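Chains as they are written, first to last, in this note's numbering: chain G, 58 to 343; chain Y, 18 to 338.
For reference, the structure discussed in these notes is given below.
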Amino acid sequence: MLALQLVIQGILLGGIYGLIAVGLSLIFGVMGVINFAHGSMMVLGMYVAYWVFIFSGIDPYLSLLLAAAALFALGYLVQASVVNRILDYPEAVQVLPLVAIGLILENACLLLWGPDPRSPQTAFSLASFHIGEVMFDVSRLMTFGLAVVMTLVLTVFLWRTDLGKSIRAAADNRTGAILVGIDLNRINNLSFALGAATCGAAGALLIPLMPASPHLGHDFTLTAFVVVILGGMGSLFGALTGGFILGVAESVSTLFLPATMKQLVSFAILVIIMLIRPQGLFGGKR
Amino acid sequence: MTRLSFLLGFCFCVLLGLPLVLDKYLLGLFIMTFYYAYLGQSWNLLTGYTGHVSLGHALYVGVGAYTTTFLAQKYGLSPWLGMIAGGFLASVIGLFVGFLGFRFGLRGVYFVILTIAFAEIARIVVSHIEALGSFSGIFLDFNPGFLNFQFKGNVPYYYISLGFMTASVIAARAIETSRIGRFLVAIREDETAAQALGVNTFKYSMIAIAISAFMASLAGAFYANFIFYLQPNQVFGMSLSIELILRPIIGGLGTALGPILGSFILTPLSEISRAYFSKGGFEGLHLILYGVLTVLVVLFMRKGILHYVKRALSPLLRLQR
Numbered sequence: 058m059l060a061l062q063l064v065i066q067g068i069l070l071g072g073i074y075g076l077i078a079v080g081l082s083l084i085f086g087v088m089g090v091i092n093f094a095h096g097s098m099m100v101l102g103m104y105v106a107y108w109v110f111i112f113s114g115i116d117p118y119l120s121l122l123l124a125a126a127a128l129f130a131l132g133y134l135v136q137a138s139v140v141n142r143i144l145d146y147p148e149a150v151q152v153l154p155l156v157a158i159g160l161i162l163e164n165a166c167l168l169l170w171g172p173d174p175r176s177p178q179t180a181f182s183l184a185s186f187h188i189g190e191v192m193f194d195v196s197r198l199m200t201f202g203l204a205v206v207m208t209l210v211l212t213v214f215l216w217r218t219d220l221g222k223s224i225r226a227a228a229d230n231r232t233g234a235i236l237v238g239i240d241l242n243r244i245n246n247l248s249f250a251l252g253a254a255t256c257g258a259a260g261a262l263l264i265p266l267m268p269a270s271p272h273l274g275h276d277f278t279l280t281a282f283v284v285v286i287l288g289g290m291g292s293l294f295g296a297l298t299g300g301f302i303l304g305v306a307e308s309v310s311t312l313f314l315p316a317t318m319k320q321l322v323s324f325a326i327l328v329i330i331m332l333i334r335p336q337g338l339f340g341g342k343r
Numbered sequence: 018m019t020r021l022s023f024l025l026g027f028c029f030c031v032l033l034g035l036p037l038v039l040d041k042y043l044l045g046l047f048i049m050t051f052y053y054a055y056l057g058q059s060w061n062l063l064t065g066y067t068g069h070v071s072l073g074h075a076l077y078v079g080v081g082a083y084t085t086t087f088l089a090q091k092y093g094l095s096p097w098l099g100m101i102a103g104g105f106l107a108s109v110i111g112l113f114v115g116f117l118g119f120r121f122g123l124r125g126v127y128f129v130i131l132t133i134a135f136a137e138i139a140r141i142v143v144s145h146i147e148a149l150g151s152f153s154g155i156f157l158d159f160n161p162g163f164l165n166f167q168f169k170g171n172v173p174y175y176y177i178s179l180g181f182m183t184a185s186v187i188a189a190r191a192i193e194t195s196r197i198g199r200f201l202v203a204i205r206e207d208e209t210a211a212q213a214l215g216v217n218t219f220k221y222s223m224i225a226i227a228i229s230a231f232m233a234s235l236a237g238a239f240y241a242n243f244i245f246y247l248q249p250n251q252v253f254g255m256s257l258s259i260e261l262i263l264r265p266i267i268g269g270l271g272t273a274l275g276p277i278l279g280s281f282i283l284t285p286l287s288e289i290s291r292a293y294f295s296k297g298g299f300e301g302l303h304l305i306l307y308g309v310l311t312v313l314v315v316l317f318m319r320k321g322i323l324h325y326v327k328r329a330l331s332p333l334l335r336l337q338r
C-alpha cells in the first residue's frame, strides 16, 4: 500500500517536473541553448505567486497566469538582450552567460525576500481525501492537473496555430525557416519567453506544495536537465513522460534510501541515460 | 618577451615583500586572491585549453580537502603528504569522469551536465558518510606546525598560496608552449580536424583533466587547513563550481595569466563588496554584480580582459603580434 501511495505521489510530482522540463526542452529545441537559469526562473515564479497571494489574497492557482506573464516578459528580455547575441558562440561559451543570469536571479530573490523559506497558507494547503487506503492531497492533485493541462495547451499551440508552426519550423531547420520568411529573432524571443513562462507557471503551482527559498533553483535546474535528457532534448512529449518517470523513481526510492538521497537516484538515471541512450527515450536527433 | 618577464618578475618581488607592510585583513584578502587565481588556473588548464567545459570542479576541491583532512585526523598523516594522496584520488576520479565523457562522445552541454552530476553525487554521498562528518561537516583541530600545514598568523599561508599560484602559472605556461599544449588547443579549436591530423584527442583530453583535477584538489587541502571547517555544500557545492570559473573567464580563458588577472580584479571586489553590502543588509548583491560582469564580459570582451590589457601594454612591452 505504501508503495502505491508513493507511486501516486511520484506521478503527481512528476507532472510539475514535466512542466518545468517542457520549457527547457522548448528553448533547447528552437535555439540549441541550455537555459542554466531555468530553476532560478522557476523560483522567481514562486515568489511572484507568493507576493500576489500576500498582497491581494489571490490563490496561486489563479495567479499562475500573472507569474507566467511576468516570466514571459523576463524571458523575452533575456533572449533579446543576451541570448540572441550568443547563439553563434561555441557551446562552451554559451553556458556562461546563462549561468550568470541564474546567479543574478537567485541573488535578486535573496535580496528581495531574504534567505528564510516563505510559504503561504492557501485554501487547499492541508485538504486531502481518500480513495480506498490511498490518500490524495488536494493541492498536489490541483498542481498535477494544471501542469498537465498547461503542457497540453502548449502542445496544441505549437501544433495548431501559425505562430506555433513557425516555432516548430525554426526548431526543425533554421535556414529553411529563414527562407520561407520567418522572422527568426522574433521566434527566438518568443520561444525563450514561452519557456520562461511555463517555468513561472510551474513556480506558482509549486508554492502551495513547498516553501519558496532563493537557493532552490539549482536543484530544479538539475532536475529539469535530468528530465529533458531522459525524455530527449527538444521533445515535449518526452519531457512530460520523463517528468513522470523521474517523479515516480524519486518517490519510490524513499522506500530504501533516506529522503535526502533521492537526488542520487535522478543523477544515477542521468548518467546511465547519457551513456547508453544520449538522445533520450523519445528523442530522434541529437 | 624579456620586458614582459621583467615586469612579471617585478610584480612577483613586490608580492614577496608585501607581508612586511600589510595587516592581517589585507593579507587574508591577498591569500584569497591567490587561492582563487590558482583554482581558476586549474580549471583553465582543462576548459581554457581543451574547451571541455567542467561545471563540477568543486568535486576535486572537495576530494582534496576531505582526503587530506581525513588522513590527518584518522592516521595523523601530514597534510603535505595527504594532499598528494588527495591529488591522485582526484585525478583518478577526474579520469573516470573524463573517460565517460570523452569515450562516449558526450560533447558540449552533455559534458557540462555530466560534470555537474558527478559533483552533486559526491556532495550527496559525502553528506551521508558518518566518518566524514555527514551534513554538519568537519571541524579541524588547530595544531600549529609546519608538518601540520597549520600556522599562527597569515604570513605563512600568504607565501604558500603565492607559491601555489606562481607554480600554477609556470606549469600552465610550460604546458602551453609544449607539444601537449598545442594538441590541447587543437582539440578546443576543432576536435574532428585534430583527430584527422592524427592527434589522439582522447589521450590528451584525459591528460588535461587529470592534471586539472590534481591541481584543484591541492587547493582543497589548502582551504581545509586555512579555514579549519569543511562542509559538503561548501566544498562540493555548485556555488563553488560557478565561483571558480568566473575569474578565468573574466581574465581570459586559455591564457596562463588570465585567471591571475581575473582573480586580482574579482576577488578583492567580491570580498570588499560582500563585506560592504552585507553590512548594509544587501546580502547577495555582490553576486549580482558578478553575474552582470560575467554577462558583459562574455558579450563584449569575449577574449577576456587580459587581451585588452596586453594590447594596451604591447608598445611598452614590445610584445609580438
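Beta carbons are placed, not taken as given, at the ideal position from N, Cα and C, and that holds for glycine.
Since we're looking at a predicted model, the values are computed, not measured.
DSSP beta-bridge partners of residue 193 (chain G) | G:186
Quiz item: Who are the near neighbours of residue 284 (chain Y) in its chain, counting only those whose CB is closer than 7 Å to its CB and skipping five residues on each side?
Solution: 49, 50 and 53
Practice prompt. Look at residue 79 (chain Y) and residue 299 (chain Y) and say whether their C-beta atoms are less than 8 Å apart.
Written response: no
### Query
Is the Cβ-Cβ distance between residue 81 (chain Y) and residue 65 (chain Y) less than 8 Å?
no
Per-residue contacts from residue 304 (chain Y) into chain G (C-beta, under 7 Å): 160 and 164
- Closest residue to residue 264 (chain G) among G:100, G:61 and G:87 (Cα-Cα distance): G:100
Check your understanding: Can a CB atom of chain Y be found closer than 8 Å to the CB of residue 157 (chain G)?
Key -> yes
- request: Give a yes or no on whether 8 Å exceeds the smallest Cβ distance from residue 275 (chain G) to chain Y.
  value: yes
Please classify residue 116 (chain G) as buried or exposed, where buried requires at least 16 other C-beta atoms within 10 Å of its C-beta. buried
Is DSSP giving residue 155 (chain Y) helix, strand or coil here? strand
Taking CB distances under 8 Å as the criterion, tell me whether residue 316 (chain Y) reaches chain G. yes
Looking only at its chain, what residues have a beta carbon closer than 8 Å to the beta carbon of residue 307 (chain Y), apart from the 5 residues adjacent to it on each side? 263, 283 and 287
Just mark residue 26 (chain Y) as buried or exposed, buried being the case when its beta carbon has 16 or more other beta carbons within 10 Å. exposed
Q. Would residue 96 (chain Y) be called buried (16 or more neighbouring beta carbons within 10 Å of its own) or exposed?
A. buried
With contact counted as at least three CB pairs below 8 Å, one residue from each stretch, are the region 241-249 of chain G and the region 133-140 of chain G in contact?
yes
- Query: Is residue 212 (chain Y) helix, strand or coil by DSSP?
  - Reply: helix
Check your understanding: Looking at C-beta atoms only, is the number of pairs between the region 111-128 of chain G and the region 228-237 of chain G that lie closer than 8 Å three or more?
Key -> no
*asked:* With a threshold of 7 Å on Cβ separation, who are the neighbours of residue 267 (chain Y) within its own chain once the five nearest residues in sequence on each side are excluded?
replied: 279, 282, 283, 310, 311, 314, 321 and 322
Residue 59 (chain G), DSSP secondary structure in three states = helix
Using the beta-carbon of each residue, which ones in chain A are nearer than 9 Å to residue 143 (chain G)? Within the model displayed, chain A is absent; protein chains G and Y are what it includes.
- To which residues of the same chain is residue 132 (chain Y) closer than 7 Å at the C-beta, ignoring the five residues directly before and after it? 71, 72, 73 and 114
Checking the sheet assignment: what are the DSSP bridge partners for residue 320 (chain G)? Paired residues: none, contrary to the question.
> Taking Cβ to Cβ, would you say residue 80 (chain G) is nearer than 8 Å to residue 256 (chain G)?
Replying inline: yes
Measure the beta-carbon distance from residue 74 (chain G) to residue 269 (chain G) and round it to whole angstroms, keeping in mind my assumption that it falls under 8 Å. In fact, because the Cβ distance is near 17 Å, the residues do not count as touching under 8 Å.
Measuring only between beta-carbons, confirm whether residue 282 (chain G) sits less than 8 Å from chain Y.
yes
Say whether chain G places a C-beta atom closer than 8 Å to the C-beta of residue 338 (chain Y).
With a pLDDT of only 49 at residue 338 (chain Y), under 50, the local geometry of the prediction cannot be trusted, and the value read off the model is given with reservation. No - not a single Cβ of chain G is within 8 Å of the one on residue 338 (chain Y).
- Message: Within 8 Å, do at least three Cβ pairs link the region 144-158 of chain Y to the region 329-337 of chain G?
- Response: no
Q. Roughly how many whole angstroms lie between the Cα atoms of residue 102 (chain G) and residue 280 (chain G)?
A. 17 Å
Exercise for review: With DSSP collapsed to three states, give me the class of residue 338 (chain Y).
Suggested key: Only weak support exists for where residue 338 (chain Y) lies, its pLDDT of 49 falling under 50; the value from the coordinates is given anyway. Looking at residue 338 (chain Y) - three-state DSSP - the assignment turns out to be coil, as it is neither helix nor strand.
- Item | Proximal residues to residue 108 (chain Y) (C-beta, below 6 Å), its chain only, five neighbours per side dropped | 227, 230 and 231
Which class does residue 15 (chain Y) belong to by DSSP, given the choice of helix, strand or coil?
Coverage of chain Y is limited to positions 18 through 338, which leaves residue 15 (chain Y) absent and any answer about it impossible.
Where does residue 230 (chain G) land, buried or exposed, given buried means 16+ other C-beta within 10 angstroms? exposed
Query raised in the report: Got a sec, what are the start and stop residues for the alpha helix (DSSP H) residue 237 (chain G) sits in?
Result: Residue 237 (chain G) -> no alpha helix (DSSP H), and no H or E assigned at all.
Spatially closest choice to residue 198 (chain Y) from Y:218, Y:249 and Y:184, by CA coordinates = Y:218
Checklist entry - Between which two residues does the alpha helix (DSSP H) harbouring residue 83 (chain Y) extend? => result 75-92
- prompt: In chain Y, what lies closer than 8 Å to residue 168 (chain G) by C-beta?
  reply: 299, 300, 301, 302 and 305
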